[in-house]
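Below: the structure, in structure tokens.
Right, here's the structure in full:
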């Protein structure tokens, strides 16, 4: 039995998950392919996830002073 | 374990390499839990705690994961000390209200502009980025931590699950709910702009 729209949108994160049954993943993929509303939701869900990369924090080395203090203590 | 030996030997290059891998995600996580003024302090405390406890690291996870766990615990303690209001745990899926009882859409998602599919255009959209940051900080703690680690800082889901000490399946639920709420946040911003 194919998943409902509700279920299909909840399965977006397991489409490539080998621990989820092939039938479940296939059903979700099939639903997403033919349901415009869920297809649109899936695209927006992924776009949201990608957009969040814009908030990434640059790396730094402010721990160096802690390292030097720790090393000095022996 | 080579890295541990190098750190114990006082090798600064090895530490800087570790810093490059950890400090972005660490700061990213802490910024969303403690006040901006407290971030530097908690970063320093995290490094000091990690270095002092290096002998206790048993190699069950990556060293970076272990350090992020220390940072998250310190952040949680700092939040308790600041006695900030802690929101009640939110179990409900943000999209529950969008569906009928038999799982059909009540309010299907409206169309978004194509620019939201382009990471460069998104990064250049200051209003959107600021809005996402604001909405991110409103998420329940566990959802926020999962989203920050996986989507903002780019950790693999399995590593994020280790940092948060949850099963992979639980991480997926936290991540899904966080993303779903943020998707709604973007939708609200777009509606406000119409």
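Protein chains in written order, with the working numbering: chain A, -15 to 58; chain B, 126 to 319. Note that the Cβ used here is the ideal one computed from N, Cα and C, for glycine as well.
- By the Cβ test, the region 271 to 287 of chain B is not in contact with the region 126 to 144 of chain B, since fewer than three Cβ pairs between them sit closer than 8 Å.
- DSSP, reduced to helix, strand and coil, places residue 230 of chain B within a strand of the structure shown.
- In this structure, residue 17 of chain A keeps its C-beta atom at 9 Å or more from the C-beta atom of residue 244 of chain B.
- As DSSP reads the structure, residue 224 of chain B sits in a beta bridge with B:230.
- Cβ neighbours of residue 186 of chain B within its own chain (closer than 7 Å, five residues either side excluded): 287.
- If you check each beta-carbon in the region 250 to 269 of chain B against every beta-carbon of chain A, the ones closer than 9 Å belong to 250, 253, 254, 257, 258, 261.
- In terms of Cα proximity to residue 155 of chain B, the closest of B:184, B:188, B:200, B:266 is B:200.
- Shortest Cα-Cα distance from residue 24 of chain A to any of A:56, A:-7, A:-15, A:-14 involves A:-7.
- In the three-state reduction of the DSSP assignment, residue 173 of chain B falls in the helix class.
- A distance of 9 Å or more separates the beta carbons of residue 129 of chain B and residue 197 of chain B.
- Contact between residue 235 of chain B and residue 312 of chain B holds: their C-beta atoms lie close to 7 Å from each other, under 8 Å.
- Across the set A:-10, A:11, A:-11, the C-alpha of A:11 shows the shortest separation from the C-alpha of residue -1 of chain A.
- Considering only B:158, B:289, B:181, the residue with the shortest C-alpha distance to residue 190 of chain B is B:289.
- About 4 Å separates the beta carbon of residue 32 of chain A from that of residue 308 of chain B, a gap short enough to meet the 8 Å contact definition.
- Contact note: residue 224 of chain B reaches chain A through -12, -11, -10, -7, using a C-beta cutoff of 9 Å and chain order.
- Around the Cβ of residue 165 of chain B, a 10 Å sphere holds fewer than 16 other Cβ atoms; the residue is exposed.
- Spanning the alpha carbons of residue 40 of chain A and residue 250 of chain B requires a straight line of approximately 15 Å.
- Going by DSSP, residue 247 of chain B is part of the alpha helix (DSSP H) stretching over 244 to 249.
- CA-to-CA, the gap between residue 195 of chain B and residue 171 of chain B works out to about 6 Å.
- With a threshold of 9 Å between beta carbons, residue 11 of chain A makes no contact with chain B.
- Judged by DSSP in its simplified three-state form, residue 255 of chain B adopts helix.
- In this structure, residue 34 of chain A keeps its C-beta atom at 9 Å or more from the C-beta atom of residue 137 of chain B.
- Taking a Cβ-Cβ cut-off of 9 Å, the neighbours of residue 237 of chain B in chain A comprise 24, 27, 28, 31, given in sequence order.
- Annotation: the continuous alpha helix (DSSP H) that includes residue 305 of chain B extends over 293 to 318.
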